[in-house]
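Please read the structure below before turning to the comments.
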Amino acid sequence: MKLGNRLSNKICPDNMTIEEWQVALRRENARESDFTVEHLDKNRIWGDYLVCSSTGRYRVAFRGVQSDRNFCSCLDFRTNGLGTCKHLEAVSLFLEEHVPGYPWAGLSYAAEYSSIYVSYKGGRSIRLRVGDAYRAEYERLKEKYFSPEGILPESNYHLLEQICEEALAISSSFRCYEDVQEFAEECAQLSQWKTELSSAYPEKAIPWDKKQINPAYSEVEHLLYDLCLNGFGFIVGLKHPFYMHLLARLVEEVYQGEVERNKGYIIVGNETDVLLWQSVLLQYSEYIHLPVQVVSQQTFLKQPIQQGAKATFVYVNDADCLKEWKNPVSLAIKRLEIKHLYMHVETLQHFTPVQLSSILQHINPFIIGPFYKFIHTYRPMFPLRERADFLPPEMQPFTFFVTQVLLTALVLPSGDAPSSAPLPVEEMLTPETRVTKFLSLLGEILDDPKSTEILRERIARGAGLR
Numbered sequence: 000m001k002l003g004n005r006l007s008n009k010i011c012p013d014n015m016t017i018e019e020w021q022v023a024l025r026r027e028n029a030r031e032s033d034f035t036v037e038h039l040d041k042n043r044i045w046g047d048y049l050v051c052s053s054t055g056r057y058r059v060a061f062r063g064v065q066s067d068r069n070f071c072s073c074l075d076f077r078t079n080g081l082g083t084c085k086h087l088e089a090v091s092l093f094l095e096e097h098v099p100g101y102p103w104a105g106l107s108y109a110a111e112y113s114s115i116y117v118s119y120k121g122g123r124s125i126r127l128r129v130g131d132a133y134r135a136e137y138e139r140l141k142e143k144y145f146s147p148e149g150i151l152p153e154s155n156y157h158l159l160e161q162i163c164e165e166a167l168a169i170s171s172s173f174r175c176y177e178d179v180q181e182f183a184e185e186c187a188q189l190s191q192w193k194t195e196l197s198s199a200y201p202e203k204a205i206p207w208d209k210k211q212i213n214p215a216y217s218e219v220e221h222l223l224y225d226l227c228l229n230g231f232g233f234i235v236g237l238k239h240p241f242y243m244h245l246l247a248r249l250v251e252e253v254y255q256g257e258v259e260r261n262k263g264y265i266i267v268g269n270e271t272d273v274l275l276w277q278s279v280l281l282q283y284s285e286y287i288h289l290p291v292q293v294v295s296q297q298t299f300l301k302q303p304i305q306q307g308a309k310a311t312f313v314y315v316n317d318a319d320c321l322k323e324w325k326n327p328v329s330l331a332i333k334r335l336e337i338k339h340l341y342m343h344v345e346t347l348q349h350f351t352p353v354q355l356s357s358i359l360q361h362i363n364p365f366i367i368g369p370f371y372k373f374i375h376t377y378r379p380m381f382p383l384r385e386r387a388d389f390l391p392p393e394m395q396p397f398t399f400f401v402t403q404v405l406l407t408a409l410v411l412p413s414g415d416a417p418s419s420a421p422l423p424v425e426e427m428l429t430p431e432t433r434v435t436k437f438l439s440l441l442g443e444i445l446d447d448p449k450s451t452e453i454l455r456e457r458i459a460r461g462a463g464l465r
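For the sequence shown, numbering that gives the first Met the number 0 assigns the number 0 to the initial residue and increments by one for each residue that follows.
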């Protein structure tokens with residue numbers, strides 16, 4: 000679909016695939032933007048470029064039209080899975096204007112040196128490109144560690160340092176780009192986190208009292224394990240006082256698994272909420288020794304957070320505000336390099352695909368795949384139903400519906416201070432939450448045909464008695 004002579008940025012034309020549409024949008028954007036392109040080396044076509052505008056400077060490696068070896072330092076290039084961006088398209092347009100023969104089909108990029116790089120086309124993968132120099136030796140290295148297509152299996156990521164040593168021993172011209180190490184380390188850390196957690200808790204439940212599994216708390220202890228497993232999470236559920244206790248234990252477990260303990264934040268609505276949360280969190284003996292600060296949204300915005308500052312743990316209560324990409328809290332969170340991010344919303348039913356994907360990308364810009372594809376693919380599913388099997392598959396591993404766990408529990412555990420006693424569930428419910436509990440359970444009954452029929456029979460029976 001076109002608006003005048005321009006492509007719509009919301010509706011994919013019938014004669015294009017989603018990917019073709021998104022590439023065309025970026026090319027259109029490059030054509031209309033005031034970019035300056037500077038060639039940084041002496042190669043006629045392939046090479047390194049600097050693309051500048053009034054808002055930024057981006058380094059581009061151009062290896063061919065639609066080549067999976069292209070690279071740009073911008074975030075869009077790394078996350079869109081297209082293998083291009085407006086800056087790469089700006090280079091392509093610049094070359095099309097200055098070098099005859101576009102797209103130069105008879106020419107190909109060839110370099111003497113071999114290199115390991117991250118391909119961002121169709122998702123991230125680590126690949127080996129074999130150059131002309133010492134080709135036989137590098138082909139043997141490829142056969143030893145990589146797939147026939149030159150892709151390094153994730154099971155070999157831990158061998159990357161060894162692979163690079165062997166590659167450098169062949170020739171000092173070998174290159175391994177910086178983002179390769181970053182990506183491999185990210186994957187290795189998550190794999191190690193999961194391995195250590197599953198080894199420590201083979202029952203897939205974390206003892207609330209830090210000693211042994213308690214059958215009375217079984218559902219909560221399994222929930223705590225599930226929340227810890229990925230190291231991040233999206234919590235969906237009605238407001239409930241037990242969240243404060245759950246977060247206290249979650250913070251304790253997360254920091255227990257970290258060698259480097261940086262600052263953490265629990266971000267709540269206002270100063271009254273801060274006092275309430277602190278009164279509960281301080282009931283947990285390990286929590287009080289951790290560098291975690293409970294702050295209101297306004298106080299969080301006043302923190303002197305530098306770009307790239309490290310945070311071990313961040314929890315955002317009522318994370319609806321993050322649906323707006325330029326919300327001040329959202330912008331502040333994006334300045335942080337967060338190891339473990341958890342967010343809570345009461346319901347998914349009022350979010351649009353754009354709003355929900357904006358929230359989820361705070362965890363990781365790769366977490367749901369390309370932004371445009373998530374929106375286009377799952378738009379028909381919205382508004383989302385609050386059951387795991389009705390979610391987009393990308394969301395299922397880290398989305399937790401906790402209302403049912405909390406409302407069906409007979410007893411909920413509390414802090415480990417001597418005076419702390421188990422919390423009777425009914426005593427924790429205000430009149431408002433009692434009504435909310437009823438409506439939530441009613442919704443679950445209406446979702447199940449058999450339960451609905453039983454409800455109708457009982458209502459009819461009750462009406463007959465009157």
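Just so it is clear, CB atoms sit at the ideal spot from N, CA and C, and this is done for glycine as well.
Please report the straight-line C-alpha distance between residue i and residue j, rounded to a whole angstrom.
| i | j | result |
| --- | --- | --- |
| L246 | W276 | 10 Å |
| E252 | N261 | 14 Å |
| L281 | Q296 | 20 Å |
| L237 | S190 | 32 Å |
| I212 | H244 | 17 Å |
| A310 | L167 | 35 Å |
| T402 | Q65 | 47 Å |
| P240 | R126 | 49 Å |
| L300 | S329 | 10 Å |
| P102 | H157 | 38 Å |
| E164 | L39 | 29 Å |
| V424 | F389 | Interpretation of V424 is limited by its pLDDT of 48, a score under 50 that renders its predicted location unreliable; no figure is taken from the coordinates. |
| F61 | P352 | 33 Å |
| V129 | Y48 | 23 Å |
| P12 | L6 | 8 Å |
| M394 | H221 | 19 Å |
| A183 | D415 | 39 Å |
| S171 | Q161 | 15 Å |
| L226 | Q180 | 27 Å |
| L24 | R77 | 17 Å |
| Y371 | S118 | 19 Å |
| R58 | V279 | 49 Å |
| S113 | Y137 | 8 Å |
| Q348 | E385 | 8 Å |
In this structure, does DSSP put residue i in helix, strand or coil?
| i | result |
| --- | --- |
| I266 | strand |
| L151 | coil |
| T16 | coil |
| H38 | strand |
| E164 | helix |
| K333 | helix |
| Y48 | strand |
| K1 | Bear in mind that the predicted position of K1 carries a pLDDT of just 48, short of 50, making it unreliable; the figure below should be weighed with that in mind. Reduced to three states, the DSSP call for K1 is strand. |
| S118 | strand |
| V235 | strand |
| Q21 | helix |
| Q227 | This sequence places Cys at residue 227; Gln is not what is there. Reduced to three states, the DSSP call for C227 is helix. |
| Q292 | strand |
| T54 | coil |
| V64 | coil |
| Y216 | helix |
| V59 | strand |
| Y112 | coil |
| K209 | coil |
| R260 | coil |
Over what stretch of residues does the alpha helix (DSSP H) that includes residue i continue unbroken?
| i | result |
| --- | --- |
| I183 | Ile is not the amino acid found at residue 183; the sequence shown has Ala there. 177–199 is the extent of the alpha helix (DSSP H) around A183. |
| L246 | 241–255 |
| T298 | 296–300 |
| V90 | 85–97 |
| R139 | 134–144 |
| L74 | 74–79 |
Use the C-beta contact count for residue i: other C-beta atoms within 10 angstroms, 16 or more gives buried, fewer gives exposed.
| i | result |
| --- | --- |
| I287 | exposed |
| E426 | For E426, the predicted model reports a pLDDT of 47, less than 50, meaning its position is unreliable; a value from the coordinates is still stated below. With fewer than 16 Cβ atoms within 10 Å of its Cβ, E426 is classed as exposed. |
| E452 | exposed |
| G307 | exposed |
| R455 | exposed |
| D208 | exposed |
| S458 | With the sequence shown as reference, residue 458 is identified as Ile, and Ser is not the correct amino acid for it. Under this definition I458 is an exposed residue. |
| E142 | exposed |
| G100 | exposed |
| L74 | exposed |
| M380 | exposed |
| H361 | buried |
How far does the beta strand (DSSP E) with residue i in it reach, from first residue to last?
| i | result |
| --- | --- |
| L127 | 124–128 |
| A310 | 308–315 |
At the 8 Å Cβ level, is residue i part of the contact set with chain C, yes or no?
| i | result |
| --- | --- |
| S171 | Included in the structure is just one protein chain, with no chain C present. |
### Task
With a floor of 3 residues, list each beta strand (DSSP E) that falls wholly inside the stretch 343–415, ordered by position along the chain.
Counting whole runs of 3 or more residues, the stretch 343–415 contains the beta strand (DSSP E) stretches 398–400.
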